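Residue numbers (this note's numbering): 60 to 413.
Okay, structure coming up:
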């Protein structure tokens, strides 16, 4: 699959306009004399890349190309505004499951007819599902390994491992650091889906890890998907630990399940730059009250302390003016589902813990 070229850095020296020969200062995006675009060649390449992605039905590829193109255009230009609207439209098609996906959808009438027979149809569907699961595991596994190939991630992870090792021992420290890493890669996977560039995860011993977006989300719905991507992946890691514990009855896996659930539930607090804060930006006032009610109900059922903070902060946010009056049902379902599921995982008894 063709990839858009990297975002060019600012010019280090003065250059000349290819159209009129006027001097162009470093960092300029257009010629002050004839208004020609400095990066016209790159923009043509990016437009071609976006068209190819559209032909494949690859919305993420289109978003990646158009976002890079925006960085090469003057913000006051009509092209910048037009591409911005295209980015928002494509982003909404990914954020809203009910929205039609741009681009041609593959269809094969003969294949559909061939799958029409009872038991054969069921068997074929089962094979397809296993294939889809396999593709998911392979692609996400590749992304996880890619993150570890970055020097800043690997060495900062080692530093964190050393700190936690001194506190809890190497075995639990390793599982704890991997849980944080999977959470952060969930954010990066969501950013890639929306064509956003980001830094690799940077671990800060004693404080977790962080990533930095190189581009801004186009909509609050997009911001919510990226914010919730971390807890969704983190929840998956906690469930995997839980299943291993069920199979082995090793207290180590129970402790990792509890800790992984705790980390991700903490991040769902709807405040500041935590993941719950990003999710709440997409919710309208009614949805915020519903999310707060779910946290309150789970607090009643489980008695989990983090839910007190989530319920209080959610109530505070519900009283404030919501920036997205139309709301985001998908973000609400994801947020509420994560709160409930993570709270239940935290109630799993850990042998050796009071």
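Cβ atoms here follow ideal geometry from the backbone N, Cα and C, with glycine treated the same way. Values in this document were obtained by computation on a predicted structure and should not be read as measured data.
Compute the beta-carbon to beta-carbon distance between residue 376 and residue 339, rounded to the nearest angstrom, for a pair I have assumed lies under 8 Å. The beta carbons of residue 376 and residue 339 sit about 5 Å from each other, so the pair counts as a contact at 8 Å.
Cβ contact check for the segment 248 to 255 and the segment 311 to 323: 3 or more pairs under 8 Å: Of all C-beta pairs linking the segment 248 to 255 to the segment 311 to 323, fewer than three are shorter than 8 Å, placing the two stretches out of contact.
Considering only the beta carbon of each residue, do residue 122 and residue 150 sit closer than 8 Å? In this structure, residue 122 lies near residue 150, with their beta-carbon atoms less than 8 Å apart.
DSSP beta-bridge partners of residue 262: As a beta-bridge residue in DSSP terms, residue 262 pairs with 268.
Looking at residue 263 and residue 393, is the spacing between their C-beta atoms short of 8 Å? No; because the gap between Cβ atoms is not below 8 Å, this pair is not in contact.
Taking residue 288 and residue 248 to be in contact with their CB atoms under 8 Å, please state how far apart those CB atoms are, rounded to whole angstroms. Yes, they are in contact, since the Cβ atoms of residue 288 and residue 248 sit about 6 Å apart, within 8 Å.
In this structure, does DSSP put residue 82 in helix, strand or coil? Correct three-state label for residue 82: strand.
Is the Cβ-Cβ distance between residue 153 and residue 118 less than 8 Å? Result yes, Cβ atoms of residue 153 and residue 118 sit closer than 8 Å.
Residue 396: which of 351, 242, 383 and 277 sits nearest, CA to CA? Closest by alpha carbon: 351.
Say yes only if the C-beta of residue 369 is nearer than 7 Å to one or more non-hydrogen atoms of the ligand ZN, and no if none qualify. This structure lacks the ligand ZN, and indeed carries no ligand of any kind.
What does the Cβ neighbour count give for residue 308, buried or exposed, with the cut at 16 atoms within 10 Å? By the neighbour-count rule (16 or more Cβ atoms within 10 Å), residue 308 is not buried but exposed.
Could you compute how far the alpha carbon of residue 368 sits from the alpha carbon of residue 107? Each residue's alpha carbon lies about 49 Å from the other.
Would you report the Cα separation of residue 133 and residue 403, rounded to the nearest angstrom? About 50 Å.
Selection from 219, 218, 99 and 120 that minimises the alpha carbon distance to residue 109: Of the candidates 219, 218, 99 and 120, the one whose C-alpha sits nearest the C-alpha of residue 109 is 120.
Could you give the C-beta distance for residue 92 and residue 79, rounded to a whole number, given that I count them as a contact under 8 Å? About 5 Å; that satisfies the 8 Å criterion.
Quick one: measure Cβ to Cβ for residue 401 and residue 323, integer angstroms, because I've assumed they're closer than 8 Å. Taking a contact as a CB-CB distance under 8 Å, the pair residue 401 and residue 323 counts as one, their CB atoms being some 5 Å apart.
DSSP state of residue 96, grouped into three classes? Residue 96: strand per DSSP, three-state reduction.
Alpha carbon to alpha carbon, how far is residue 283 from residue 244? Give it in angstroms, no decimals. Cα-Cα distance, rounded: 16 Å.
State the Cα-Cα distance for the pair residue 348 and residue 227, rounded to the nearest angstrom. The alpha-carbon separation between residue 348 and residue 227 amounts to approximately 39 Å.
Buried or exposed for residue 331, please, with buried defined as at least 16 other CB atoms from any protein chain shown within 10 angstroms of its CB. So residue 331 ends up on the exposed side.
Does DSSP put residue 154 in a helix, in a strand, or in coil? Of the three classes helix, strand and coil, the one that applies to residue 154 here is helix, per DSSP.
Return the chain-ordered ranges of every alpha helix (DSSP H) run that is complete within the segment 332 to 370 and spans a minimum of 4 residues. As for any alpha helix (DSSP H) of minimum length 4 sitting wholly inside the segment 332 to 370, the runs are 334 to 339 and 344 to 361, ordered along the chain.
As assigned by DSSP and simplified to three states, the class of residue 147: Helix.
Which partner residues does residue 257 have in the DSSP bridge list? Answer by DSSP bridge pairing, in chain order: 272.
Buried or exposed: which applies to residue 126, given that a residue is buried once 16 or more other Cβ atoms fall within 10 Å of its Cβ? Classification of residue 126: buried, given that the 10 Å Cβ count is 16 or more.
Kindly indicate the opening and closing residues of the alpha helix (DSSP H) around residue 317. Run containing residue 317: 310 to 326, per the alpha helix (DSSP H) assignment.
With distances taken from CA atoms, which of 389, 358, 239 and 242 is nearest residue 405? With distances taken between Cα atoms, residue 405 lies closest to 358.
Own chain, CB closer than 7 Å to residue 293, minus 5 neighbours either side, in chain order: Shown here for residue 293: same chain residues with a beta carbon closer than 7 Å to its own, the five before and five after excluded, namely 238, 241, 242, 245, 319, 322 and 323 in chain order.
I'd like to know whether the C-beta atoms of residue 231 and residue 304 end up nearer to each other than 8 Å. It is not a contact, given that the beta carbons lie outside the stated cut-off.
Taking only three categories from DSSP, how would you classify residue 74? Of the three classes helix, strand and coil, the one that applies to residue 74 here is strand, per DSSP.
If contacts are defined as beta-carbon pairs under 8 Å, then residue 265 and residue 222 qualify, I think. What distance do you get, rounded to the angstrom? That pair is a contact at about 6 Å.
Just the Cα atoms here: how many angstroms apart are residue 116 and residue 146? Residue 116 and residue 146 have their alpha carbons spaced roughly 15 Å apart.
Please name the residue, chosen from 370, 213, 302 and 362, that lies closest to residue 335 on a Cα-to-Cα basis. A check of alpha carbon separations from residue 335 across 370, 213, 302 and 362 identifies 370 as the nearest.
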